[in-house]
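Here is the structure we will look at, set down as structure tokens.
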Amino acid sequence: MRLATWNVNSIRARVDRVTDWLQRADIDVLAMQETKCSDQQFPTMPFAALGYDVVHCGFNQWNGVAIASRVGIDDAQVGFDGQPTWGDTDVEAAAEARALGATCAGVRVWSLYVPNGRFVGSPHYAYKLEWLAALRETAQRWVTDDPALPIAMVGDWNIAPTDDDVWSVEAYRDSTHVTPPERDAFRAIVNAGYADVVRPFTPGPGVYTYWDYTRLAFQKRRGMRIDFILGSPAFADRVTHAEIDREERKGKGASDHAPVVVDLSD
DNA sequence: ATGGTGGACGTTCCA
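Quick note on this note's numbering: the first sequence kicks off at 1391 and runs consecutively.
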């Protein structure tokens, strides 16, 4: 089974590019983030035409996560137990449904869009840390409750876990994505039993998954590694290969993130 | 070209 994660930065703006890539890259299950549309607006037809079922959760023009699978989708679930929500109204709470889980061919896949945090000290930054702490708590329970279940938590984590994962430490001084509390939160999830299964196949430094649209960042190789596939032991044991498809960051109409891919043995 | 790009929404906010 080949599983991928991709922050697509609007599925409606990029559906052709995404479905073309799904076919070309022979992907079985794709987790998407930043779909930037409502459930009604999600373009399911182009996926269905290629044999993919889709589950989606999105309520505003910024968030939105989806899973497309051609090996079936069971037990789809929006949000994880204890997930904190932002704001008081129903719409705001729903918009913070940044996690979508589904079982695909026996593998539990979570498409995650970790809060950005905006800037250090903002309420959004505090919320990011709360959200990550709640995820760690729940994810730790998943892996202890059923160690035999392969679980993958994939997506845009909005954290560069080490200095090797940013093009310039100086450029990101005092910025979100690199602060010790964010890195501690990421490490805590790894320590709860979820390994970065891509890194062994893509050693750094200088290996990234995201490049800003501005200032020719991609051409100048100024990026960050913030998109991850974290796997429980039962998942990690099955990983045979992984890669970051930076070719998809090239050309007109690219997302600012590249897809990240893993292969699993049967 | 002197703060850059891209998307959704709506004349601005978010990443």
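We treat Cβ as the ideally placed atom computed from N, Cα and C, and that holds for glycine.
- Is the stretch 1530 to 1537 touching the stretch 1422 to 1433 in the sense that three or more CB pairs, one from each, lie closer than 8 Å? No, the stretch 1422 to 1433 is not in contact with the stretch 1530 to 1537.
- Report the three-state DSSP secondary structure of A1585 (helix, strand or coil). DSSP places A1585 in strand when its eight states are reduced to three.
- Item | Own chain residues within Cβ distance below 6 Å of V1455, not counting five before or after | Only Q1423, C1447, L1490, S1501, Y1503 meet the Cβ criterion.
- Would you identify the three-state DSSP class for Y1442, choosing helix, strand or coil? DSSP places Y1442 in coil when its eight states are reduced to three.
- Task: Starting from Y1603, trace the beta strand (DSSP E) both ways and give me its first and last residue.
- Result: Unbroken run through Y1603: none, as it is neither H nor E.
- Test item: CB-CB of S1622 and P1540 under 9 Å: Less than 9 Å divides the Cβ of S1622 from the Cβ of P1540.
- Message: Just to confirm the assignment: which complete alpha helix (DSSP H) runs, minimum length 4, are found wholly within the stretch 1498 to 1540?
- Response: The stretch 1498 to 1540 contains these whole alpha helix (DSSP H) runs: 1513 to 1535.
- Report the partner residues of F1618 according to the DSSP bridge assignment. F1618 is bridged to G1545.
- Task: Compute the Euclidean distance between the alpha carbons of T1434 and D1586, then round it to the nearest angstrom.
- Result: In a straight line, the C-alpha of T1434 is about 30 Å away from that of D1586.
- Message: Going by the DSSP bridge assignment, what does S1400 pair with across the sheet?
- Response: Assignment of beta-bridge partners to S1400 by DSSP yields no partner.
- Under 8 Å by Cβ, that's how I've got G1720 and A1487 pegged, so tell me the actual separation to the nearest angstrom. Past the edges of the chain, shown from 1391 to 1656, lies residue 1720, and the structure says nothing about it.
- Any 3 or more C-beta pairs closer than 8 Å across the stretch 1594 to 1609 and the stretch 1636 to 1649: They touch, by the three-pair rule.
- Would P1551 be called buried (16 or more neighbouring beta carbons within 10 Å of its own) or exposed? Result: buried.
- Rounded C-alpha distance that separates A1561 from D1574: Cα-Cα distance, rounded: 20 Å.
- Helix, strand or coil: how does DSSP classify Q1451 here? It is coil, neither helix nor strand.
- According to the neighbour-count rule (16 or more other Cβ atoms, all chains shown, within 10 Å of its Cβ), is G1441 buried or exposed? Under this definition G1441 is an exposed residue.
- CA-to-CA distance, F1509 to A1644, given in whole angstroms: Between A1644 and F1509, the C-alpha separation is close to 26 Å.
- Roughly how many angstroms lie between the CA atoms of V1445 and D1416, to the nearest whole one? If you draw a straight line from the Cα of V1445 to the Cα of D1416, it is about 19 Å long.
- Query: Which residues mark the beginning and the end of the alpha helix (DSSP H) in which A1492 is found?
  - Reply: Annotation for A1492: no alpha helix (DSSP H) segment contains it, though the beta strand (DSSP E) segment containing it runs 1489 to 1494.
- Close Cβ partners of A1578 (< 6 Å) along its chain, the five nearest in sequence each way excluded: Once the five neighbours on either side are set aside, the close Cβ partners of A1578 are R1526.
- Short Cβ contact (9 Å threshold) for Y1517 with W1476: With contacts defined by Cβ atoms closer than 9 Å, Y1517 and W1476 form a contacting pair.
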